[in-house]
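Residue numbers 12 to 231, in UniProt numbering, belong to the letters of the sequence shown in order.
Positions of the beta carbon are idealized from the N, C-alpha and C atoms, including for glycine.
Written out below as structure tokens is the structure these notes cover.
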Amino acid sequence: PAAVIVAIDGPSGTGKSSTSKAVASQLGLSYLDTGAQYRAITWWMVNNGIDLTDPSAIAAVAAKAEIISGTDPNAPTITVDGVDVAGPIRTTDVTSKVSAVSAVPEVRALITELQRSIAASAEKGIVVEGRDIGTTVLPDADLKIFLTASPEARAARRSGELKGADVKATQEALIKRDTADSSRKTSPLAKADDAVEVDTSELTLQQVIECVVTLIGEKR
Ligand code: C5P
Numbered sequence: 012p013a014a015v016i017v018a019i020d021g022p023s024g025t026g027k028s029s030t031s032k033a034v035a036s037q038l039g040l041s042y043l044d045t046g047a048q049y050r051a052i053t054w055w056m057v058n059n060g061i062d063l064t065d066p067s068a069i070a071a072v073a074a075k076a077e078i079i080s081g082t083d084p085n086a087p088t089i090t091v092d093g094v095d096v097a098g099p100i101r102t103t104d105v106t107s108k109v110s111a112v113s114a115v116p117e118v119r120a121l122i123t124e125l126q127r128s129i130a131a132s133a134e135k136g137i138v139v140e141g142r143d144i145g146t147t148v149l150p151d152a153d154l155k156i157f158l159t160a161s162p163e164a165r166a167a168r169r170s171g172e173l174k175g176a177d178v179k180a181t182q183e184a185l186i187k188r189d190t191a192d193s194s195r196k197t198s199p200l201a202k203a204d205d206a207v208e209v210d211t212s213e214l215t216l217q218q219v220i221e222c223v224v225t226l227i228g229e230k231r
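See below:
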């Protein structure tokens, strides 16, 4: 079959990453975590002492960070200037700063171009997860999924992942980040008109995976 391109968007804590990796792994497709790329460039900015309250300072240096994403769903990798940043990009510090960096149009233009070239070179197809994949990065994707979940379900999942983290604080941080991501001018978090919306609040991960695999099967 021809390479299939799947876009999976939605706010954080809806099961995007777990679903995308499992679906790609089951179907032998590549996998791209675009949030990791925005986190990686944010990590680079923090590491280089860039003033993140100044969008023009961010824009001026955005092209300097060399981000490389490994697309094996069973072992995804991410490096910046050759440094493995898979761990450091998940800190609360980077998480709290990423929305300011990802809102800068020059950053989005660079990363969008990188994402398109990765998707184009995936021979068997690819599952790409993010916020603006169906709307902006890959508007011609074969299948677009928009995952949602109640704020309670999302915060509970994230707190579970962060082991012992305060559920209420996690929920507040999540809402703050989603509000920033949804309200920015350049390619905000949004459901594409032709995306299939799946509310994962009452579903197990396995059920969400099956749902997406079935939808892909219908497209092939
Ligand atoms: O998915 P994850 O939580 O790792 O994404 C981190 C951040 O990267 C988001 O909060 C958002 O600011 C940014 N992002 C984006 N566009 C994407 C994916 C992520 O702006 N396609």
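Below 8 Å on the Cβ atoms is my contact criterion, and I expect residue i with residue j to pass it. Report the Cβ-Cβ distance as a whole number of Å.
i, j, result
"Ala167", "Val178", "6 Å"
"Ile137", "Ser41", "4 Å"
"Gln182", "Pro162", "6 Å"
"Thr45", "Gly141", "4 Å"
"Leu121", "Ala74", "6 Å"
"Leu200", "Asp143", "7 Å"
"Asp205", "Ser23", "Rounded, the Cβ-Cβ distance is 23 Å, inconsistent with contact."
"Thr123", "Thr90", "Their Cβ separation, rounded to whole angstroms, is 19 Å, which puts Thr123 and Thr90 out of contact at 8 Å."
"Val118", "Ile69", "6 Å"
"Thr30", "Leu216", "7 Å"
"Val109", "Arg50", "5 Å"
"Ile100", "Ala47", "6 Å"
"Lys135", "Ala14", "6 Å"
How is residue i classed by DSSP in three states: helix, strand or coil?
i, result
"Ser36", "helix"
"Val96", "coil"
"Glu208", "strand"
"Ser80", "strand"
"Glu221", "helix"
"Ser194", "helix"
"Ala74", "helix"
"Leu200", "coil"
"Ser41", "strand"
"Ala18", "strand"
"Arg231", "coil"
"Ile61", "coil"
"Ser23", "coil"
"Asp189", "helix"
Do you know how far the Cα of residue j is from the Cα of residue i?
i, j, result
"Ala114", "Leu214", "31 Å"
"Thr64", "Val57", "12 Å"
"Ile52", "Ala76", "7 Å"
"Val94", "Ile220", "32 Å"
"Ser36", "Asn85", "6 Å"
"Gly21", "Cys222", "16 Å"
"residue 7", "Pro66", "In the structure displayed, the chain extends from 12 to 231; residue 7 sits before or after that span and is not available."
"Glu229", "Ala133", "21 Å"
"residue 233", "Ile227", "In the structure displayed, the chain extends from 12 to 231; residue 233 sits before or after that span and is not available."
"Lys32", "Val17", "12 Å"
"Leu43", "Lys187", "25 Å"
"Ala111", "Trp55", "14 Å"
"Ser193", "Ser28", "19 Å"
"Arg169", "Asp104", "16 Å"
"Thr25", "Gly171", "13 Å"
"Asp83", "Ala180", "33 Å"
"Ala131", "Ser212", "33 Å"
Within the region 87-172, ranges of the alpha helix (DSSP H) (whole runs, at least 4 residues):
103-113, 116-131 and 162-172
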